[in-house]
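In my numbering, the protein residues as written are 4 to 367.
All C-beta atoms in this analysis are idealised placements derived from N, C-alpha and C, irrespective of residue type, glycine included.
The block underneath contains the structure these notes are about, expressed in structure tokens.
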Amino acid sequence: MKKPFHFAESLLNWYKNNARTLPFRNEVSPYAIWISEVILQQTRVNQGLEYYRRFMARFPNIKSLAESTEEEVLKIWQGLGYYSRARNLHEAAQQIMSLYHGQMPSSYQELKKIKGIGPYTAAAISSIAFQEVIPAIDGNAKRVFSRFLGINTPVNTSSGSVLIEKAAFSFIDPFQPGNFNQAVMELGAMICTPKRPSCTNCPLLSECIAYKENQIEYIPLKVKKHVVKERSIFYFVFYSKAEDTVQLIMHQRTRNDIWKGLYDFPSLEFNEAMNVQKVIESEILKQQFPYVKFAELQSINGPLKHILTHRILWLHFSVYELSVMPHIENKNHTIYTLHEVLGLPLPRPIEIFLKEFMGKTILV
DNA sequence: AAAACGGGGGC
DNA sequence: GCCCCAGTTTT
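In structure tokens, the structure reads:
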């Protein structure tokens, strides 16, 4: 007598025997769950693990996070990307201190009101930390459910999302929703992968429609491909050397743009095509940095190409040694010693530039 | 509904 | 070079 197939039972049995041991698994603290979920947004587990450890060591609870500065949080986040996550975590911690007496709210609905907690993260926290029966639907879940049911509606459309959500609600285990959600994601990460999934090891193989109909490589279907736009940024690295200390003029990015909150150098960006020579000769440069003798501005060989998901950045660096640091009028420009600069939250390419290029230029 | 937001790793 | 990752916010 063959036992009827049961999605949650098969999946959870597989999960029990095959789950990776991760530092936030079996974690009961809602705070720890929250931090791990935010770190793992659009981030592979392996990339996020060390950040999770450092973050929890530096900010062990909501209070310590709320009482830190945004810059301290960004510094821990440096290199992980999507910096709004760090800024939102900091703001959210203060929100929780003032509005929820320092306790994480437990329900999906309340959690979703918190900065940086969207539908996925609210469902993950409420199900894992508080056993609320609600599916946490991330990229893994969309892939697992769409393949299992042979859903060929694009998963990144609202109608596709509705289908996936209905499926997830119909399969979720009401007695262990947190484990169920984690099991779906684990399956998506380890077995039901985007490319070359390991179907022969899948506990759901016998009932998988996409597998049965040979549609694995076409599901999940997605619409659109973003066009990768290019931007050129011209950086001006002003520094001075006095005895043993090097000072630089740094710029904090405050606009709703890439790297908000992080520090780079004073810069110019144009809509039309420019080259370094034209920029150096431009009037706007002279207006912005009147203390520079432009003839002595040295451009560093070739722009640095920095590739992001939706952008290609061409970063042009020009360096200029000042005999004395000028008085700065721009509110976003500040003078720091090189030592201080290395303690600021820096975009990856700025960090690389400082370590690889300025190291030679300044220290020679 | 679409665009913006990082950085890294797999193939 | 392309894909996409335990997504959210802004436009």
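Are there 16 or more other CB atoms within 10 angstroms of the CB of F178, so buried, or fewer, so exposed? exposed
Contact belief for L341 with V249 at Cβ below 8 Å, rounded distance in angstroms: 4 Å
So Q185 packs on I131, CB below 8 Å; how close in whole Å? 7 Å
Where does Y103 sit, in a helix, a strand or coil, going by DSSP? coil
As a quick exercise: from H336, D247, M59 and E272, pick the residue whose alpha carbon is nearest that of T257. H336
If I measure Cβ to Cβ from S201 and keep anything under 7 Å in the same chain, skipping five residues before and after, which residues do I get? I194
Short check: CB of F237 to CB of L207, under 8 Å? Between F237 and L207, the C-beta spacing is not below 8 Å.
In chain order, each alpha helix (DSSP H) run of at least 4 residues that lies wholly inside the region 118-194: 122-133, 142-152, 161-174 and 180-193
With I331 and I283 assumed to form a contact (beta carbons below 8 Å), what rounded beta-carbon distance in angstroms separates them? Actually they are not in contact, since the Cβ atoms of I331 and I283 sit about 21 Å apart, beyond 8 Å.
Can at least three beta-carbon pairs, one atom from the region 137-150 and one from the region 220-230, be found at a separation below 8 Å? yes
Taking just the CA atoms, how far does Y266 sit from F62? Their Cα atoms are separated by approximately 22 Å.
Evaluate contact between the region 78-95 and the region 110-119, counting only Cβ atoms and requiring at least three cross-stretch pairs below 8 Å. yes
May I have the straight-line CA-CA distance separating S235 from L316, to the nearest angstrom? 6 Å
Residues near H309 in its chain [Cβ-Cβ closer than 7 Å; skip 5 each side]: L316, L318 and P352
First through last residue of the beta strand (DSSP E) which encompasses R61: Per DSSP, R61 is not a residue of any beta strand (DSSP E); the alpha helix (DSSP H) it occupies stretches across V48 to R61.
Secondary structure of E220, DSSP reduced to three states: If DSSP states are grouped into helix, strand and coil, E220 belongs with the helices.
Since N155 contacts G191 with CB under 8 Å, what's their CB separation in whole angstroms? Not a contact, Cβ separation roughly 18 Å.
Hey, how far is the Cα of I65 from the Cα of A96? 6 Å
Using the beta-carbon count (16 or more within 10 Å), is Y34 buried or exposed? The residue is buried, with at least 16 neighbouring Cβ atoms inside 10 Å.
Taking the C-alpha atoms as reference points, what is the distance between V376 and L83? Look at the range of the chain in this structure, 4 to 367, and you will see that residue 376 is not part of it.
Leaving out five residues on either side along the sequence, give the residues of the same chain with a beta carbon under 6 Å from the beta carbon of N205. The question names Asn, but residue 205 is Cys in the sequence shown. If we look at C205 and ignore the five residues flanking it on each side, its Cβ neighbours are I194.
For a test of the three-state rule: what should DSSP assign to F297, helix, strand or coil? helix
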